[in-house]
Amino acid sequence: MFDGFWNNVFRYFRYFITTLLGVALNAFAPLIPLLKRPVTLIAILGLFGGTLVFVTLTLRAMLGLSTI
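So for the sequence shown, numbering that gives the first Met the number 0 puts the first residue at 0; every next one is plus one.
Structural data, given as structure tokens:
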């Protein structure tokens, strides 16, 4: 009844990882040419860093992890 159960479980896990990587590559592929110019590279890194700080501070305030 359970012949090949774990084989199927690992196949679905590999399918999930492959699909996730494919979506990520297709989402970030248009940004690759923008990274060749230093000005846009700095702008994109600044935007990414600012977004990360914003999300971190927002989550910490919402969860009450620190007093801001």
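Glycine is no exception: its CB is placed at the ideal position from the N, C-alpha and C atoms.
Pick helix, strand or coil for residue i, following the three-state DSSP scheme.
i     : result
PHE1  : coil
LEU40 : helix
LEU64 : coil
ILE31 : coil
Return the chain-ordered list of same chain residues with a C-beta closer than 7 Å to the C-beta of residue i, the five sequence neighbours on each side being excluded.
i     : result
VAL22 : none
> Which full runs of the beta strand (DSSP E) of 3+ residues lie inside the region 2-26, going along the chain?
Replying inline: none
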